[in-house]
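Counting from -17, one number per residue, gives the positions in the sequence shown under our numbering. The C-beta atom is built at its ideal place from N, Cα and C for all residues, glycine as well. Please read these numbers as outputs of a predicted model, since none were measured by experiment. Single-structure report; data block below.
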Amino acid sequence: MGLLPNFVVFEGGDGSGTSTQLELLKQKFAGQDGGGQKLPSIVYTFEPTEGPAGRILREALRGEARLHGETMARLFSADRAEHLYGEGGLVSLARGGNLVVCDRYTLSSLVYQGIECGDELPMELNKSFPAPELLLFFDIDPAIAFERLEKRAQKEIYERLDFQILVRERYLKLLDSCRDKGSRVAVIDAAAPVEAVARAVWQNISLLPIMKGCTVQ
Ligand code: TYD
-17 MGLLPNFVVF EGGDGSGTST QLELLKQKFA GQDGGGQKLP SIVYTFEPTE GPAGRILREA
43 LRGEARLHGE TMARLFSADR AEHLYGEGGL VSLARGGNLV VCDRYTLSSL VYQGIECGDE
103 LPMELNKSFP APELLLFFDI DPAIAFERLE KRAQKEIYER LDFQILVRER YLKLLDSCRD
163 KGSRVAVIDA AAPVEAVARA VWQNISLLPI MKGCTVQ
């Protein structure tokens, strides 16, 4: 499948602030009336999901279940297939005129599972999923992101500085392949103050065709 209009994805290394920004976007959107034009309904979501495959993945990410890299790659793509096409799936929501914003998607698999088990399997498993209309990459020096992660009580298996350095390198390398698939890609300075990052996110969202005619502050 090609490009899915009305579908926006946040990507970035661990500690890059995507979840915080999704929350801020939610608040910002809630405070807008759209001016002359009614704002679209917005759906916020994330991967791994809270579905059956996502639950196993969360256990593995916490280190409670030890799974082979290839098993992880397959579970992430199974979770994604359900997220897109299962009951109330993202494809029908986006096609139905909702603005769908998802924290992490296929690029996370190409980056993280690519490091663990090579490019081929994650590429194969993810090649038929639709590309987002807009991809926001939250770029941050892994050392700074790591300082943020140190404050969290629970550590996940990929939250190691050496791994996160590879993660950033791979993200930067793979962004062009997302552009080739037709996605508009914006690189956001995620080390900037949280309000500045939120402004950059909002600016990109307001350029989407679905936002046309809406007056946003
Ligand atoms: P994250 O959004 O960072 O979760 P949390 O808010 O709980 O920290 O995602 C969890 C981890 O899952 C993160 O380290 C990236 C990893 N991940 C993959 O390795 N492959 C994938 O396809 C996805 C969606 C996530």
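| Query | Result |
| --- | --- |
| Val198, DSSP secondary structure in three states | coil |
| Whole runs of the alpha helix (DSSP H) within the region 109 to 150, excluding any shorter than 4 residues | 124 to 132 |
| Burial state of Leu(-15), where buried means 16 or more other Cβ atoms lie within 10 Å | exposed |
| Cβ-based burial, Glu29 [other Cβ within 10 Å; buried from 16] | buried |
| Residues near Gln143 in its chain [Cβ-Cβ closer than 8 angstroms; skip 5 each side] | Position check: residue 143 holds Leu in this sequence, whereas Gln was assumed. Same-chain partners within the cutoff: Pro124, Ala125 and Phe128. |
| Contact test: Phe58 Cβ vs the ligand TYD heavy atom, cutoff 7 angstroms | yes |
| The beta strand (DSSP E) enclosing Gly(-6), as first and last residue numbers | Leu(-15) to Gly(-6) |
| Bridge-paired residues (DSSP) for Arg161 | None, per the DSSP bridge assignment. |
| Within 8 angstroms, strictly: CB atoms of Gly51 and Glu98 | yes |
| Glu138 beta carbon less than 8 angstroms from that of Leu43 | yes |
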